[in-house]
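**Q** In the numbering used here, the protein residues as written are 6 to 306.
No residue lacks a Cβ here, since even glycine has one placed at the ideal position from N, Cα and C.
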């Protein structure tokens with residue numbers, strides 16, 4: 006019996022995440038179901054693919070060999086589906102653009118819409134995810150182009166600079182903090198509202214708190230920018246979000262947005278593609294269009 010595509014996709018996620026629970030969540034199945042699927046794969050190949058430890062999963066030599074081939078198979082199937090979808094829709098090209106939450110909340114949809122208006126023969130599928138997940142999907146062939154924060158591991162991918170954003174503190178309008186800017190270190194004495202720990206922003210803030218040798222009092226963690234603002238509105242703490250995104254939510258919730266004064270609060274975005282896209286292909290034209298949008302952006306603030 007041949008291994009099915011869902012099991013191979015689960016295997017790739019488990020290998021990349023090193024954790025069965027997270028791989029099951031990413032695959033939208035239960036942990037027992039994920040465990041059975043991986044055990045069946047090992048039975049089909051008649052060799053262990055993982056070493057299982059209390060700290061997570063580690064690939065065996067056989068698993069390492071399968072990983073590269075599984076990625077190629079999955080990428081090939083996704084490419085086939087996209088190509089066949091072109092016949093069904095009558096369009097020439099489908100491009101899958103997966104952007105991080107910051108880009109999706111602030112500027113990517115408008116940039117993509119301008120491209121779509123100029124190139125109606127290209128159908129764009131736009132999806133939001135964390136930066137690391139966008140990189141994984143590009144590598145696996147599940148996305149044609151990713152928009153991620155600089156600092157992610159994009160080794161082996163073609164990259165180009167895109168836009169930037171500036172982080173800001175989000176607080177209730179009646180908060181005692183004064184001034185046009187605030188240092189992140191000054192917020193570490195307060196309760197904070199954060200995003201879930203797997204986000205690039207969460208890890209950045211944790212690293213900066215550690216560098217300041219100060220604990221970060223995360224009172225609550227949520228999954229979206231809007232949820233951060235809702236929690237701030239409910240007096241659960243102060244949030245840290247991209248400036249433009251925070252300003253979009255603030256008026257309706259009577260919140261105040263104060264830019265961070267730290268140099269690292271200015272974050273750069275980048276485009277990533279699997280292989281150099283030829284200039285005259287739809288993907289190459291899209292990448293050039295997004296770079297041009299970035300060149301025209303005003304300074305954040």
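1) Taking only three categories from DSSP, how would you classify residue 55?
2) Could you pull out every residue in the same chain whose Cβ sits closer than 7 Å to the Cβ of residue 169, ignoring the five residues on either side in sequence?
3) Is the Cβ-Cβ distance between residue 263 and residue 186 less than 8 Å?
4) Per the DSSP calculation, residue 226 is bridged to which residue(s)?
5) With a threshold of 16 other CB atoms inside 10 Å of the CB of residue 76, please say whether the residue is buried or exposed.
6) Residue 86 and residue 149: beta carbons closer than 8 Å?
7) Please name the residue, chosen from 79, 127, 139, that lies closest to residue 108 on a Cα-to-Cα basis.
8) Apply the 10 Å Cβ neighbour rule to residue 213 and answer buried if 16 or more other Cβ atoms are within range, or exposed otherwise.
9) Taking 8 Å as the cut-off, decide whether the C-beta atoms of residue 200 and residue 174 are in contact.
10) Can you tell me which of 46, 68, 125 puts its alpha carbon nearest to the alpha carbon of residue 11?
11) Have a look at residue 313 and residue 23 and give me their C-alpha separation to the nearest angstrom.
12) When we look at the beta-carbon of residue 111 and count the other beta-carbons within 10 Å, is it buried (16 or more) or exposed?
**A** The structure says:
1) The residue labelled residue 55 in the question sits at position 50 within the chain shown. Strand, per DSSP.
2) Translated into positions along the chain shown, residue 169 becomes position 164. Here the set comprises 271, 272, 273, 274, 305.
3) Walking along the chain shown from the start, residue 263 turns up at place 258. Walking along the chain shown from the start, residue 186 turns up at place 181. For residue 263 and residue 186, yes; Cβs fall inside 8 Å.
4) Taking the chain shown and counting its residues from 1, one reaches residue 226 at position 221. The partner list for residue 226 (beta bridge, DSSP) reads 199.
5) Residue numbering aside, residue 76 sits at position 71 when the chain shown is read from its first letter. With 16 or more neighbouring CB atoms inside 10 Å of its own CB, residue 76 falls in the buried class.
6) Locating residue 86 in the chain shown gives position 81, counting from the first residue. Locating residue 149 in the chain shown gives position 144, counting from the first residue. It is not a contact, given that the beta carbons lie outside the stated cut-off.
7) Here residue 108 is taken as the residue at index 103 of the chain shown, counted from 1. With distances taken between Cα atoms, residue 108 lies closest to 139.
8) Locating residue 213 in the chain shown gives position 208, counting from the first residue. So residue 213 ends up on the buried side.
9) Sequence index remark: in the chain shown, residue 200 carries index 195 (1-based). Sequence index remark: in the chain shown, residue 174 carries index 169 (1-based). Their beta carbons are not under 8 Å apart, which means residue 200 does not touch residue 174 by this criterion.
10) Start at 1 with the first residue of the chain shown, and residue 11 comes out as number 6. It is 46 whose Cα lies nearest to the Cα of residue 11.
11) Only positions 6 to 306 of the chain appear in the structure, and residue 313 is not among them; the question remains open.
12) Working through the chain shown from its first residue, we reach residue 111 at position 106. Under this definition residue 111 is a buried residue.
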